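Line order of the protein sequences matches chains R and L.
Quick note: my numbering has the first sequence finishing at residue 1580, numbered continuously throughout.
Quick note: my numbering has the second sequence finishing at residue 305, numbered continuously throughout.
Inspection log for the structure reproduced underneath, given as structure tokens.
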Amino acid sequence: MAERPDKDTMPTQTMRRLPILLIAVCALFWTAAASAQNVGSYGAGLIGEQQAELDRLTAKIDELDRKVAASTEDDAKLVALRTELETVSQALLKSGLAFRPRLAEINARLEQLGPAPGDGQPAEPDIVAGERQNLVAEKAEINVLLGVAENLSVRVKRLIDDIAAKRRDLFARLLTKRYTIDYALVGEVLTAFSEEMGDFYRTVSSWLRFVFQFKLRSVTAAAFFALAAAAVLVIGGRRLFGRLFAADPSETQPSYLGRLSVAFWSTLLPSAALSVFLAATYFFFDYYSVLRGDIGVMLRSLFYVVAVVFFVHRLARAVLAPAQPEWRLIPVGRSAGRLLVALVSATAFFTGLDHFLSRVFEVLGSPLSLTVGESLVSTFLTGALIVLIGLVKPFVDAKGKARPWHPAFRLLLYGLGGATIVAGLLGYIGLARFMSQQIVVTGAILATMYIGFQSAAAIAAEGAFASTALGRRYRLWFKVDETTLDQLGLVVSVAINLVIIMIGLPLILLQWGFQPGDITAWLYRLATEITIGSFSFSLTGILTGIVVFVVLYFLTRWFQGWLDGSVMARGRVDAGVRNSIRTGVGYAGIVLAGLLGISAAGIDLSNLALVAGALSLGIGFGLQNVVSNFVSGLILLAERPFKVGDWIVAGTVSGTVKKISVRATEIETFQRQTVILPNSELINAAVGNWTHRNRLGRVEIPVGVAYGSDPRKVHAILLDIARSHPSVLKNPEPFVHFSGFGDSSLNFEVRVFLADILGSLAVQNDIRFAIVEAFERERIVIPFPQREVLLRRESEPPAGDMSAPPVPVAQAAQAAPAVRRRKRPDPV
Amino acid sequence: MKKFCLALAGLAAMSGHGMAASAVNLDSEPRTLIVTEGGSKSEIAIGAGETVQFCPNGCFVTMPNGDREALNGSETVEISGGVGRIK
């Protein structure tokens, strides 16, 4: 609270000094580089230069040390000192780096000269000994200087830590410092306020006079440039996101995603444009030196406040949309919406006003009582407004009755508002101000993040991404289907969430008084090294590993496709070999990608080997089957007893091979049932393959003729039928086997060879039809067993009276096969 | 606004961070580097044939033979015979 008006001149001074410092560092570097080119002769010069530089830096650090010790009250000054110290730290490192070329030269030369001769060795020429001595001396000198730089860097770091501790203390004191608030304060504040307002008026009007008289052209130019920058953003934004930007009043039922995107863009774009305008104005004012020290500070604060208040107001309008009920994100009533927008904007306004006024009072060097009084009023107002927001009954239930906020949210609002008021009234002005500012700014950031999360969730909903403009465009360009678009929507949603966290979290942390340096340091540590016990890994490493794996995986797939489709197809490689090579290349690629990914992730493969060694026994027992199937799969790929498309018989399973993978083989039976057969069964047991080398196969058709037929004639007829079928091979020629004398028939068997065993059913049908027709023509009978069934009536005398002949009631014919048929698999 | 810009700059700075310096020990015995980084001195023991990553933002290093060097965080240091060479 008791800050001096000159507190913010520090960063400006640093800013002004920065170019000079940069030039100095560059010059230093250049001279260092130049000295390195002239071997030896400038060695002493380099040491002298760096000695001077280190002396300068030491002096600077001493000065900064004193300043740090002196400024225990001023946060901004401490931040500025910290920045300066960081610059010094960089300069120290650069000074150390300047020695490198010379050191390399000295080392190289010393190596050429070799070690000094020991006792008993012939002495070397004086000139060599002298040079070595000189070089060693110079190196020692450089080492000493580097040691000095090193120690200085340690000291600088300690100072930086010191500053951090002081700022923590300061912040804690700011929050816990108590001011007396009594009636005397009121009178004091009122007099001081009127005085300071007069002061303020004089300051501003004198500045305005100065501007109008001397800097009018600069101001006009600055305003023009700033407006142009903002206009580019607004017009460009509207052209890019035109439809997303404005709520279409004619739309009666906008989708949730549409409402979200309108809310998001209609908040973001104008706020960004205004911010750009203000920042550009400030920049150009500064550039044309229109600003004086005090006015600059006040103007910056004003701009900051204007931007924040505008943003909060736009956000509230976008979410509650009092004029357009259909476009509201939160379903509040019309009048409640209007009231809430007003309350939220007022809260932001009063907090901003407090921020601005306290800065003005600081600049004008007003009495502390004024700042305390002003902050008391504004924090009280802010707290009251927040409680009022909690009191509003925004929702409307089915009966048209107003419903309050969710109890938890209401309690939170009451708590925050009440705590702010109580803290202010008790005199903890610092705490009250901190709270009210955090409520507004952090609240706004959280609300924006919430909208962002909601839109991410809405995009992830089924079919939502396809209906967005981006989704439609993407679909048009890449011709992808619904499912792919849906999956893309998921990816987009995850990406949005990540971006929100990556932007929102640092923003909130910055609001809470953390330094960008701290945050980057944390993030860096988080990203580069996480240690669990003695095992350490890094997030970036793991991400790199995943990326490497994915890239290699797709590369493998592409290579596989290219090898199979272009090279092997053209080379007329056998399908089985092709399949084996493609599968092999695929697995090898995945294993390679996995290994490279793991090593890119920074996980030491030798550790894995250790683990694998320890587990191998367990794996040997536990995963015995899997391993055996895996090895069998590899053997299948190498040996190729069957290929995809073959008709195989393995145990009781018979069918076409569909896919051979490393663990199991897919077989489709002729009933179209898919059987997954573990590879070890295909390796350990006999597998019949009908189509291994060719599709040639023999079909047997047994047939019986009645005793009494002429067997030679039958033989001739059958042979003729077999020979005359177009699908039957001439070589090996068909054969008719007179296979035996059955119980009631002479048994024959027609054996024909077919070029394609897969078409055997049709051939069998043809031949059987032909046999039946030919036998009918030649009156040759195909016998079948006959059975006589005798039925006795119940009333008839029981057994013993055998004189009465049984009455034949039925003659049943059984179509039992005349001969034993050979069982063979059904090919369809 | 100011803080927002700072946050953006921070993010940009973070993404701009490169790899750290690395040291590889070509000797057959373990070597120790003394690294002064961020105000604290630490000893890094490097086993024979090992490579370690250290010093992402610049540091001062004392080699096993006592030579001192400043690193800006992108170098590779090769140690052979206790002598560190910067590549």
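Beta carbons are placed, not taken as given, at the ideal position from N, Cα and C, and that holds for glycine.
In this text, all values refer to a predicted model and were calculated from it rather than measured experimentally.
Inter-stretch contact at 8 Å, needing at least 3 Cβ pairs: the region 1070 to 1086 of chain R / the region 1207 to 1219 of chain R: Verdict: no, contact absent.
Residues near Asp1518(R) in its chain [Cβ-Cβ closer than 7 Å; skip 5 each side]: Within the same chain, Asp1518(R) has close Cβ partners His1477.
Reduced DSSP category for Asn1441(R) - H, G, I as helix; E, B as strand; rest coil: strand
Through-space distance from Val1451(R) to Val1466(R), alpha-carbon basis: Approximately 19 Å between the Cα atoms of the pair.
CB contact check: Lys1231(R) to chain L, cutoff 9 Å: no
Tyr1166(R) vs Arg930(R) beta-carbon contact at 9 Å: Result no, Cβ atoms of Tyr1166(R) and Arg930(R) do not sit closer than 9 Å.
Contact set between Leu849(R) and chain L, taken where Cβ atoms lie within less than 7 Å: Ala288, Asn290
The ligand COA heavy atom lying under 8 Å from the CB of Ala821(R): No copy of the ligand COA appears in this structure; indeed no ligand is present at all.
Boundaries (first-last residue) of the alpha helix (DSSP H) holding Ala1390(R): 1376 to 1391
Beta carbon of Leu1498(R) nearer than 9 Å to that of Phe1487(R): no
Residue-level contact to chain R via CB, Val242(L), 9 Å cutoff: no
Beta-carbon neighbours of Asn895(R), restricted to chain L and to distances below 8 Å: Within chain L, the C-beta atoms nearer than 8 Å to that of Asn895(R) come from Gly284, Asp285, Arg286, in chain order.
Below-9 Å beta-carbon distance, Thr254(L) vs any chain R residue: For Thr254(L), the answer is yes, since a Cβ of chain R falls inside 9 Å of its Cβ.
Min CB distance Val1343(R) to chain L below 9 Å: no
Arg1185(R): contacting residues in chain L (beta-carbon distance under 7 Å): Correct list: empty, because the minimum Cβ distance to chain L is about 17 Å.
Neighbour list for Arg852(R) in chain L, Cβ cutoff strictly below 8 Å: Glu287, Ala288, Ile304
Minimum Cβ-Cβ distance from Gly276(L) to chain R less than 9 Å: yes
Touch test, the region 1024 to 1039 of chain R against the region 977 to 986 of chain R, Cβ-Cβ under 8 Å, three pairs minimum: yes
CB contact below 9 Å: Val295(L) versus chain R: So, not an interface residue.
Cut-off 6 Å between Cβ atoms - residues of its own chain near Asp1508(R), not counting five sequence neighbours on either side: Arg1447
Chain R contact for Val301(L) (CB, 9 Å cutoff): yes
Neighbour-count burial assignment, Val791(R), 16 or more Cβ in a 10 Å radius: Annotation note: pLDDT 43 at Val791(R) (below 50); position unreliable, coordinate value reported separately. It counts as exposed.
Given Leu830(R) as reference, the closest of Thr839(R), Ser841(R), Leu816(R) once Cα atoms are compared: Leu816(R)
Stretch-stretch touch, CB-based, cutoff 8 Å, three pairs: the region 1340 to 1353 of chain R with the region 1384 to 1402 of chain R: no
C-alpha distance - Leu773(R) paired with Ala263(L), whole-angstrom precision: At Leu773(R) the pLDDT is 49, less than 50, meaning the model places this residue with poor confidence; the figure from the coordinates comes in the next sentence. C-alpha separation (whole angstroms): 37 Å.
Strand pairing of Cys277(L), partner residues [DSSP]: Under DSSP, Cys277(L) takes part in a beta bridge, and its partners are Leu289(L).
Buried or exposed (CB count within 10 angstroms, at least 16 for buried), Asn1331(R): buried
Partner residues on chain L for Ala901(R), Cβ-Cβ distance less than 8 Å: Residues of chain L passing the Cβ test: Phe278, Ala288.
Residue nearest to Pro1350(R) in terms of C-alpha spacing, selected from Gly1328(R), Leu1291(R), Met1320(R), Arg1044(R): The sequence shown places Ile at residue 1350(R), not Pro. Closest by alpha carbon: Leu1291(R).
Cβ of Ser246(L) within 9 Å of any chain R Cβ: no
Beta-carbon separation (whole angstroms), Ile1453(R) vs Val1502(R), contact threshold 8 Å: Between Val1502(R) and Ile1453(R) the Cβ distance is about 4 Å, and since that is below 8 Å, they are a contact.
Per DSSP, cross-strand counterpart(s) of His1477(R): Answer is none; His1477(R) lacks a bridge partner.
4-residue-minimum alpha helix (DSSP H) runs that sit fully inside the region 1404 to 1434 of chain R, ordered along the chain: none
Residue span of the alpha helix (DSSP H) that contains Arg834(R), given as start and end: 827 to 849
For Lys1151(R), the three-state DSSP class (helix, strand or coil): coil
Cross-strand partners of Asn1499(R) (DSSP beta bridge): Gly1456(R), Gly1492(R)
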